[in-house]
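Once you know that position 387 of the sequence shown is 387 in the UniProt record's numbering, the rest is easy, because the numbers rise by one and skip nothing.
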Amino acid sequence: MNAGKIVGGSFVFADMEPGAVTTPEDLTAEQRLMAETTRQFVDAEVLPHDERLEGLDYELTVSLMRKAGELGLLGADVPDAYGGLGLDKISSTLISETLASASSFALSVGAHVGIGTLPIVFFGNVEQKERYLPELAAGTKIAAYCLTEPSSGSDALGAKTTARLSEDGSHYILNGSKLYITNAGFADLFIVYAKINGADFSAFIVERDTPGFTFGPEEKKMGIKGSSTRPLFFDDAPVPADRLLGQIGKGHLIAFNILNIGRFKLAAGCLGAAKEAIALSARFANQRKQFGTRIARFPLVAAKLADMQIRTFVLESMVYRTAGLMDDALSGIDYTAPDAGQQAARAIGEYAIECSINKVFASEALDRIADEGVQIHGGCGYIQEYRIERIYRDSRINRIFEGTNEINRLLIPGTLLKKALKGELPLLQKAQELQAELLALVPAAAGPEGTLAQEKQLLAAGKKLFLLVGGLAVQRHGAALERQQEVLAALADMMIELYACESALQRTLKRLERFGEEKARFFAEMTTVYIHEAFERMESSARQTLAALEQGDALRTQLAVVRKLTRRTPADTVALKRLVAAHVSESEAYTV
Numbered sequence: 001m002n003a004g005k006i007v008g009g010s011f012v013f014a015d016m017e018p019g020a021v022t023t024p025e026d027l028t029a030e031q032r033l034m035a036e037t038t039r040q041f042v043d044a045e046v047l048p049h050d051e052r053l054e055g056l057d058y059e060l061t062v063s064l065m066r067k068a069g070e071l072g073l074l075g076a077d078v079p080d081a082y083g084g085l086g087l088d089k090i091s092s093t094l095i096s097e098t099l100a101s102a103s104s105f106a107l108s109v110g111a112h113v114g115i116g117t118l119p120i121v122f123f124g125n126v127e128q129k130e131r132y133l134p135e136l137a138a139g140t141k142i143a144a145y146c147l148t149e150p151s152s153g154s155d156a157l158g159a160k161t162t163a164r165l166s167e168d169g170s171h172y173i174l175n176g177s178k179l180y181i182t183n184a185g186f187a188d189l190f191i192v193y194a195k196i197n198g199a200d201f202s203a204f205i206v207e208r209d210t211p212g213f214t215f216g217p218e219e220k221k222m223g224i225k226g227s228s229t230r231p232l233f234f235d236d237a238p239v240p241a242d243r244l245l246g247q248i249g250k251g252h253l254i255a256f257n258i259l260n261i262g263r264f265k266l267a268a269g270c271l272g273a274a275k276e277a278i279a280l281s282a283r284f285a286n287q288r289k290q291f292g293t294r295i296a297r298f299p300l301v302a303a304k305l306a307d308m309q310i311r312t313f314v315l316e317s318m319v320y321r322t323a324g325l326m327d328d329a330l331s332g333i334d335y336t337a338p339d340a341g342q343q344a345a346r347a348i349g350e351y352a353i354e355c356s357i358n359k360v361f362a363s364e365a366l367d368r369i370a371d372e373g374v375q376i377h378g379g380c381g382y383i384q385e386y387r388i389e390r391i392y393r394d395s396r397i398n399r400i401f402e403g404t405n406e407i408n409r410l411l412i413p414g415t416l417l418k419k420a421l422k423g424e425l426p427l428l429q430k431a432q433e434l435q436a437e438l439l440a441l442v443p444a445a446a447g448p449e450g451t452l453a454q455e456k457q458l459l460a461a462g463k464k465l466f467l468l469v470g471g472l473a474v475q476r477h478g479a480a481l482e483r484q485q486e487v488l489a490a491l492a493d494m495m496i497e498l499y500a501c502e503s504a505l506q507r508t509l510k511r512l513e514r515f516g517e518e519k520a521r522f523f524a525e526m527t528t529v530y531i532h533e534a535f536e537r538m539e540s541s542a543r544q545t546l547a548a549l550e551q552g553d554a555l556r557t558q559l560a561v562v563r564k565l566t567r568r569t570p571a572d573t574v575a576l577k578r579l580v581a582a583h584v585s586e587s588e589a590y591t592v
């Protein structure tokens, strides 16, 4: 990495200056224009045909994707040297977020531009890029990504599909099957993973008209009904040898890094859906009357609107912070260089932890927001006529897509520990320094003063809690920690909360520095609520995990340290949520 770049995972112990965090308030006029172009396309071209799209009209979906290609919406991540726009990651994040209101069509586009196209962008050779990327950027060819198999989902390397080189060396012969493939009904190009000679996990570019390549029927799904999802079958399917993507046996580098990008883009889509759910719910709550009063005025309904708004604010802060990190990492890649794939793998891999955190937080936040949206709608929320019903159904898949949340919870602390053992992060050193600090029993220094002073202290204490528990977990289990899944999940939850709290806090402090307290007040109200509630969750995770690691006097000693670190004055979150709810009710939308 270049000097000055933020090391992935360092947020668990390092302090950060607000100026180093990318926020939505930093968007340029050009970036906002790209979002507006996307919004106009969705409103004018997609939503009027919503019913047909939900009925799985392939022809209409493809036609609309080509229109999106004409507007440049499919080429944001494709370098201009290969027919795309080569936009920054902030702009492509905005497109993903804004497309979310297009429901299933957004998924079709997302699978095409993300996991379908990016393997060639990052890992294709020059000939493959020149051959395929211009058409993918224009939408004249549609892509799909084929990793999951009947016997391998989260265990991607357990794939059974095989490839063997033909005797004349001109083709690879593929045999096997893939499951749950988005865009399978109409895609022209497929990124397929198979093991060469049953051993070397590799990636291939497969065209639709390949002999021996066939498709099963459409799956009948709970949600995202307007997207095509079908199984694929390979029966001695010959794929030209020059369609091998990347190197033999290096398919895992492509698969895992593309999944990281997919996780981040999924979070951006969840953000867009969350904002729509808030708008729908706030409007309904203002229109619906019970006992002669608009239900938005009832405190328990208002509290739901406040929670939806606050979680979305935090998610938005996380997504654009991460977009800035990814933009910084990927901006220096020479996509025409022979080692472009290695450059991309290093850049994407640096923020694998942050991508997983975004995915888990976003998918679970949207689930809760959609659920509360249905609750606010009451019986109407259970009726298909009301859009919140579809948001609720469609949201459920996000906790399964791109690696289940359970797998991601294992990856988050697992990847952090690997980076520490490689010497990329001074994590163990920081944990040892904390132990020395705690043993010295030095009185705590005076805390920061001013707006959000206690919230800054809570974030710092939360990082110490994580180092305390994480350090002890490593001491107790060493390499065997990977088998202690409950401990890893608790550590992951603490890391997720740290990243969420810090993202919201730094965004608010940045606004405070720029515009003063009055214009930062609403941000501060939301940040205060979230940090206080998140700190309680972190404290609970710490206590639960310590009980799994220690017993007797040792446990009591560790819990005494926790009590010392978690002393605080509770915030009046009830009053703060009422203020937040008033903003949402008045604007009838997500508001900042």
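All residues carry an ideal CB built from backbone N, CA and C; glycine is no exception. Values in this document were obtained by computation on a predicted structure and should not be read as measured data.
Under a CB-based cut-off of 8 Å, is residue i close to chain E?
i: Lys-225; result: Reference to chain E is not applicable here, since this structure consists of a single protein chain.
Decide if residue i is buried, meaning its Cβ has at least 16 other Cβ atoms within 10 Å, or exposed.
i: Val-574; result: exposed
i: Arg-52; result: exposed
i: Asp-334; result: exposed
i: Leu-300; result: exposed
i: Pro-48; result: exposed
i: Ile-383; result: exposed
i: Asp-77; result: buried
i: Glu-17; result: exposed
i: Thr-293; result: exposed
i: Asp-394; result: buried
i: Tyr-530; result: buried
i: Met-495; result: buried
i: Pro-413; result: buried
i: Arg-32; result: exposed
i: Gly-450; result: exposed
i: Met-222; result: exposed
i: Ala-44; result: exposed
i: Lys-422; result: exposed
i: Asp-493; result: buried
Whole-angstrom Cβ separation of residue i and residue j, contact assumed at under 8 Å?
i: Val-562; j: Leu-465; result: 7 Å
i: Thr-162; j: Gly-198; result: 5 Å
i: Ala-279; j: Glu-588; result: 6 Å
i: Arg-409; j: Ala-489; result: 5 Å
i: Leu-330; j: Glu-354; result: At roughly 13 Å, the Cβ-Cβ gap does not stay under 8 Å, so Leu-330 and Glu-354 are not in contact.
i: Ala-461; j: Leu-565; result: 5 Å
i: Tyr-234; j: Gly-251; result: Per the sequence presented here, residue 234 reads as Phe, with Tyr not at that position. At roughly 15 Å, the Cβ-Cβ gap does not stay under 8 Å, so Phe-234 and Gly-251 are not in contact.
i: Ser-202; j: Leu-244; result: 6 Å
i: Met-34; j: Ser-91; result: 5 Å
i: Val-319; j: Ala-504; result: So it is not a contact: roughly 12 Å between Cβ atoms.
i: Leu-174; j: Val-192; result: 7 Å
i: Leu-416; j: Leu-427; result: 7 Å
From which residue to which residue does the beta strand (DSSP E) around residue i run?
i: Gly-176; result: 171-182
i: Ile-196; result: 189-196
i: Asp-236; result: 229-240
Start and end of the alpha helix (DSSP H) containing residue i?
i: Glu-207; result: No alpha helix (DSSP H) holds Glu-207; the beta strand (DSSP E) holding it covers 200-207.
i: Cys-270; result: 251-287
i: Tyr-145; result: That residue, Tyr-145, is in no alpha helix (DSSP H); its beta strand (DSSP E) goes 143-146.
i: Thr-38; result: 29-41
i: Gln-365; result: Gln is not the amino acid found at residue 365; the sequence shown has Ala there. It spans 352-377 - the alpha helix (DSSP H) in which Ala-365 sits, taken as one unbroken run.
i: Ala-306; result: 299-330
i: Lys-5; result: Per DSSP, Lys-5 belongs to no alpha helix (DSSP H) and is neither H nor E.
i: Ser-540; result: 517-549
i: Arg-390; result: 387-395
i: Met-65; result: 58-70
i: residue 594; result: Residue 594 cannot be examined here, being either before or after the span of the chain that is shown, 1 to 592.
Just to confirm, does residue i get its C-beta within under 7 Å of one of the non-hydrogen atoms of the ligand SAH?
i: Met-65; result: As far as ligands go, the structure on display features none, and thus does not contain the ligand SAH.
Who does residue i pair with in a DSSP beta bridge?
i: Thr-214; result: Phe-233
i: Thr-162; result: Asn-175, Lys-195
i: Thr-293; result: Gln-290
i: Leu-245; result: Ala-203
i: Ser-154; result: Bridge partners of Ser-154: none, in fact.
Taking one C-beta from the stretch 259-279 and one from the stretch 131-142 each time, how about it: are there three or more such pairs within less than 8 Å? The stretch 259-279 is not in contact with the stretch 131-142.
For the pair the stretch 390-400 and the stretch 362-380, tell me if three or more CB-CB distances fall below 8 Å. Here the stretch 390-400 lies against the stretch 362-380, with 3 or more beta-carbon pairs under 8 Å apart.
Does the stretch 569-585 come into contact with the stretch 291-308, if we say contact requires no fewer than three beta-carbon pairs (one atom in each stretch) closer than 8 Å? Counting C-beta pairs with one atom in each stretch, the stretch 569-585 and the stretch 291-308 have three or more that are closer than 8 Å, which means they touch.
Could you tell me whether the stretch 473-480 touches the stretch 528-539, using the rule of 3 or more Cβ pairs below 8 Å? No, the stretch 473-480 does not touch the stretch 528-539.
Is the stretch 162-179 touching the stretch 129-137, taking contact as three or more C-beta pairs under 8 Å? Not touching, per the Cβ criterion.
Taking one C-beta from the stretch 234-250 and one from the stretch 195-213 each time, how about it: are there three or more such pairs within less than 8 Å? Three or more Cβ pairs closer than 8 Å define a contact, and the stretch 234-250 meets that threshold against the stretch 195-213.
Taking one C-beta from the stretch 509-527 and one from the stretch 14-33 each time, how about it: are there three or more such pairs within less than 8 Å? Short answer: they touch.
For the pair the stretch 336-354 and the stretch 119-132, tell me if three or more CB-CB distances fall below 8 Å. Remark: three or more beta-carbon pairs, one from each stretch, lie closer than 8 Å, so the stretch 336-354 and the stretch 119-132 are flagged as touching.
Take every Cβ of the stretch 101-116, pair it with every Cβ of the stretch 226-236, and state whether three or more of those distances are shorter than 8 Å. Yes: the two stretches touch, three or more of their Cβ pairs being nearer than 8 Å.
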